[in-house]
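Asker: Just passing along the structure, written as structure tokens.
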Amino acid sequence: MNQEDKFKSVISHAKEYGFVFQSSEIYDGLSAVYDYGQLGAELKNNIKKYWWKSMVQMHENIVGIDTAIFMHPTIWKASGHVDAFNDPLIDNKDSKKRYRADVLVEDHIAKIEGKIAKEIKKAAKRFGESFDAEMFAQTNPRVAGYKEKIESIEARMKRCLDEGDLEDFKQLIIDEEIVDPVGGSRNWTDVRQFNLMFSTEMGSIAEGANTIYLRPETAQGIFVNYLNVQKTGRMKLPFGIAQIGKAFRNEIVARQFIFRMREFEQMEMQFFVKPGTEMEWYEHWKAKRLEWHLGLGIAETEYRFHDHLKMAHYANAAADIEFNFPFGFKELEGIHSRTDFDLKQHEKHSGKKLQYFDPETNEHYVPYVVETSIGLDRMFLATLCSALQTETLEDGSERMVLRLPKVLAPYQVAILPLVKKDGLPDKARAIIDSLKMEYMCQYDEKDAIGRRYRRQDAIGTPYAITVDHQTLEDQMVTIRERDTMTQERIPIDQLSEYLYKGLRA
Ligand code: GAP
């Protein structure tokens, strides 16, 4: 299956089994807004719990908060979002399609990278086993030419973005002969800046309503509560404040399913540190966050770091953890060294001091901040993409299996009476009653047992318990493991412990 087909199968699987639905579907949907169904809500909650546990519960010096979506409008002036939270957009005059100019250039660079990969593949075929790909990439003149080209395009784009030189940005697109991906035309408008914040009115018009914004990141709710938390929690530097919540962005081009949405959720943590130590903590959190992803058992080759070319207006260092989505390596999480920009800006605009008294040095200062920020929906998509597999079994049949990390599975266990008579359903329900306080259990009595196993495989349930006639006599059940499909017979009274161990393995 090629990557495009793979992505299509992930999207249709998500819909067919109740993970993700298009928002307002019966009204033909709302662009780039999605609803999570009965299984999606469970998976999403489990990702949140897993993140919260590892960031808050496992760190004595990190606490979690939950702040409002609506905030004082001056916050967004102070944070720089009113003036600088823009994307460069460009329209194609023939197709009438709108694009992010930087994404057009990045896709163009990806094509050149594809040419490098092709050269390496060709050479590997020619030279056989003795081929040294790294050496080839360093010495081959054609590859060197491609690399040089990429570097010069990147440098020019960075300059255009940093200096707001939109004229030269358009010229870059023309010089590189970048065409409209839909129609192939080169008939472009000028590049313009587009602010991504949604706004609305608070209060009645008669009273003179105020324009307020739907937050485009959860981070500002943390910054404006920095002092509240530091004082009431008696927090000492370095310490972190974590939050999970909705964010809203009026994305110019919202595509690729739940990858780029207009309403989405973020899991963010701001780590407040002593000025001068921020680079150390930046490296620390880069490593820690990658470790978190790898802890879920997804292959290391599916992740890579990407250092930012264009830094957000608040950062002095920034890297993405990219995931190998079916449409290529793309940003999953950002780690940013935000300096003291946000707290200083809020001091300036609010007139309130947001400082820390360091008892070791007897000094007052504004802490620096290192941020980790991951999109919950993107994590959900990465998890689904890596988990969904089609396997050919020994007998030649195929099974669709969602090899979700066990800790994230919507249902941890299915309880299946072999037949729906002879007292087996009652026994199965009694087992559910004994397990449901601890585990999400699903009862299923419809169809042959093989088909029921397949249904559980398709939704990623790690364990299926079958209750048969023998169970009524010996109080034992068969437990089947999703990935290996191995079956074991164990006593009912050992189920809870078995699941506890298995789900943490
Ligand atoms: N507070 C920093 C911040 O918001 P960001 O890189 O703009 O940084 C952080 O966003 C993460 O939020 C991204 O890595 C991505 O996972 C997620 N994200 C951003 N925009 C998104 C969108 N339109 N749809 C879904 N997730 C998005």
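Each residue of the sequence shown is one higher than the one before, starting from 887 at the first, in the numbering used here.
Idealized CB from N, CA, C, for every residue including glycine.
(1) Can you say whether Pro-1245 is buried or exposed, counting buried as having 16 or more other CB atoms within 10 angstroms of its CB?
(2) Verify whether the separation of the beta carbon atoms of Ser-831 and Tyr-920 is less than 8 Å.
(3) Put Glu-1383 into one of helix, strand or coil per three-state DSSP.
(4) Can you give the beta carbon distance from Ile-1127 to Gln-1156, rounded, assuming they're within the 8 Å contact cut?
(5) Here's a check: name, in chain order, each residue in its chain whose Cβ is nearer than 6 Å to the Cβ of Asp-1226, leaving out the five neighbours to either side.
(6) Do Arg-984 and Asp-977 have their C-beta atoms closer together than 8 Å?
(7) Would you kindly work out how many angstroms separate the C-alpha atoms of Glu-902 and Arg-1341, rounded to a whole number?
(8) Compute the beta-carbon to beta-carbon distance between Val-1299 and Leu-1270, rounded to the nearest angstrom, for a pair I have assumed lies under 8 Å.
(9) Smallest Cα separation from Arg-1289: which of Leu-1302, Pro-1296, Ile-1301, Ala-1273?
(10) Helix, strand or coil for Asp-977, going by three-state DSSP, please let me know.
(11) Can you check whether the CB of Phe-1145 is closer than 8 Å to the CB of Phe-1080?
(12) Is the segment 1190-1200 in contact with the segment 1069-1086, if contact means three or more CB pairs nearer than 8 Å?
(13) Helix, strand or coil: which one does DSSP assign to Leu-1218?
(14) To which residues does DSSP link Pro-1406 through a beta bridge?
(15) In the DSSP assignment, what are the bridge partners of Trp-1074?
(16) At a cut-off of 7 Å, is His-1222 close to ligand 1 when judged by its beta-carbon and the heavy atoms of the ligand?
(17) Measuring alpha carbon to alpha carbon, tell me which residue in Ile-1002, Ser-1016, Pro-974, Leu-1047 is nearest Gly-1031.
(18) Under a three-way DSSP split, which group does Phe-1266 fall into?
(19) Terminal residues of the continuous alpha helix (DSSP H) containing Thr-1347?
(20) Per DSSP, what kind of secondary structure is Thr-1352 in: helix, strand or coil?
(21) Using beta-carbon positions only, say whether Pro-1377 and Lys-1292 come within less than 8 Å of one another.
(22) What does the Cβ neighbour count give for Leu-1381, buried or exposed, with the cut at 16 atoms within 10 Å?
(23) Given Phe-971, which residues of its chain have a CB within under 7 Å of its CB, disregarding the five upstream and five downstream residues?
(24) Would you please state the rounded distance, in angstroms, between the beta carbons of Thr-1276 and Met-1286? I believe it to be under 8 Å.
(25) Give the list of continuous beta strand (DSSP E) stretches no shorter than 3 residues that lie fully inside the segment 1069-1144.
(26) Count the other C-beta atoms from every protein chain shown that fall within 10 angstroms of the C-beta of Val-1110, then say buried if there are 16 or more, exposed otherwise.
Answerer: So, to answer that:
(1) exposed
(2) The question about residue 831 has no answer here: the residues shown for the chain are numbered 887 through 1391.
(3) helix
(4) 5 Å
(5) Its chain contains Val-1252, Tyr-1254 as the residues whose beta carbon lies nearer than 6 Å to that of Asp-1226, once the 5 sequence neighbours on both sides are disregarded; these appear in chain order.
(6) yes
(7) 12 Å
(8) Wrong, their Cβ atoms sit about 20 Å apart, outside the cutoff.
(9) Ala-1273
(10) When DSSP states are grouped into helix, strand and coil, Asp-977 belongs to the strand group.
(11) With a cutoff of 8 Å on beta-carbon distance, Phe-1080 and Phe-1145 are scored as not near each other.
(12) Judged by Cβ distances under 8 Å, the segment 1190-1200 makes no contact with the segment 1069-1086, as fewer than three pairs qualify.
(13) strand
(14) This structure cannot speak to residue 1406, because the chain is shown only from 887 to 1391.
(15) In DSSP, Trp-1074 forms a bridge with Asn-978.
(16) yes
(17) Ile-1002
(18) helix
(19) It is not in any alpha helix (DSSP H) - Thr-1347 carries neither H nor E in the DSSP assignment.
(20) Secondary structure of Thr-1352 (DSSP, three-state): strand.
(21) The criterion of a C-beta distance shorter than 8 Å is not satisfied by Pro-1377 and Lys-1292.
(22) buried
(23) Asn-1081, Leu-1082, Met-1083, Pro-1102
(24) 6 Å
(25) Those beta strand (DSSP E) runs which fall completely within the segment 1069-1144 and span 3+ residues are 1078-1081, 1085-1088, 1096-1099, 1125-1134.
(26) buried
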